[in-house]
Every structure is written in structure tokens, then in C-alpha cells.
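Student:
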Amino acid sequence: MKNSLGRQALIAAALAGLATAGAGVAQADDTVNCYGVAKAGQNDCSSKTGVHDCAGQAKVDHDKGDFKTMPKGSCEKLGGTPEK
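Residues -28 to -1, 1 to 56, numbered by mature numbering (1 follows the signal peptide of the UniProt record, and there is no 0), are exactly what the sequence shown covers, in order.
1) I'd like the span of the beta strand (DSSP E) that includes C47, first residue to last.
2) Given this structure, state the Cα-to-Cα distance separating V4 from N15, to the nearest angstrom.
3) I'd like to confirm the pairing. Which residues does DSSP put opposite V4 in its beta bridges?
4) If you reduce the DSSP assignment to three classes, tell me which class T21 lands in.
5) Apart from the five residues just before and just after E55, which ones in its own chain have a Cβ nearer than 8 Å to its Cβ?
6) Excluding the 5 residues flanking V32 on each side, which residues of the same chain have their C-beta closer than 8 Å to its C-beta?
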């Protein structure tokens, strides 16, 4: 009986992990890297112009080389340029 409960718990945990992984993939498809909208220190990754190589290192607001990841459709509304 004890072994059966352990096996059920293991299966439940595996299924929960698969459900979470599937949700992450769907979310990634609904987002875009939006250049020119990040505030200083709030960029998501390296600059495409090579000014810096890590997240959070933007020195000025709205630098065209820095991006924030956001839902599709939001980028243009904020005056940014989506990555193509």
C-alpha cells in the first residue's frame, strides 16, 4: 500500500511538471522582445549595439539597443520596435 501511494505521488508530480512546461511554451509564443521601451537599469538582456552584455545594465531610458520582453501587440502601442 505504501509503495502504491509513493508511485501515485511521483506520477502526480511528473504530470504537474509537464503541465507547467507546456504553459511556459505557450507564453513564450505570445511575447516579443521590444526595443526602445526599457527604462535605465530595467532591460532584459544584452544590448544589440554591444554597449553592455547583461540584463539591468541599460544606462538611459528608451535606448534603441535595449529591450524588454512583453506581450505581442504591446510593443508598438508603447512606441517600441519589436524584434523580427
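Where is the CB? At the ideal position from N, CA and C, for every residue including glycine. Quick caveat, the model's predicted, so the values are computed rather than measured.
Tutor: From the atom records:
1) Taken as a continuous stretch (DSSP letters only), C47 belongs to no beta strand (DSSP E), being part of the alpha helix (DSSP H) at 46 to 49.
2) 13 Å
3) In the DSSP assignment, the residues bridged to V4 are M42.
4) coil
5) Result list for E55: V4, N5, C6, Y7, F39, in chain order.
6) A12
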